[in-house]
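In terms of my numbering, the sequence shown opens at residue 697 and continues consecutively.
First up is the structure itself, then whatever we jot down about it.
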Amino acid sequence: MMDMSIFMLEDYDHEFWAFRYKIELPAMEIRCFQDQGDWWAEVVSEEGDILVSCFGWLLHCDKKGNLVSKFQYSDDLPAISPHGIKESLIQHAFFER
């Protein structure tokens, strides 16, 4: 298994990062990408799900490191937005017809 430590930025002004948890990524899925160079991972949900991008593959792992799904892409690297979409309960006049 390959360990990955997850840190969270707690104080932007002082650049203080705090350790949150460690996961083990699926070795069989990651090992085939090690010879091809760098790969990156990003936490994408409040539950701690992680997307790992490695040379044509996007792996979705849960907080425990279990492989949830994988997706092969042949084009440019998919862009992951740091913004989440949240449903609002506030009624806005411009939505009314």
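Built from N, CA and C at the ideal position, the CB exists for glycine as well.
Contact under 8 Å by Cβ, residue i with residue j
{"i": "Tyr769", "j": "Leu754", "result": "yes"}
{"i": "Met704", "j": "Lys718", "result": "no"}
{"i": "Ile702", "j": "Val739", "result": "yes"}
{"i": "Gly761", "j": "Glu720", "result": "yes"}
Euclidean distance between Cα positions of residue i and residue j
{"i": "Asp745", "j": "Phe790", "result": "35 Å"}
{"i": "Glu706", "j": "Asp758", "result": "22 Å"}
{"i": "Phe712", "j": "Glu743", "result": "22 Å"}
{"i": "Leu747", "j": "Arg716", "result": "17 Å"}
{"i": "Ser749", "j": "Lys766", "result": "10 Å"}
{"i": "Leu763", "j": "Ala714", "result": "25 Å"}
{"i": "His788", "j": "Asp709", "result": "35 Å"}
{"i": "Glu783", "j": "Glu792", "result": "16 Å"}
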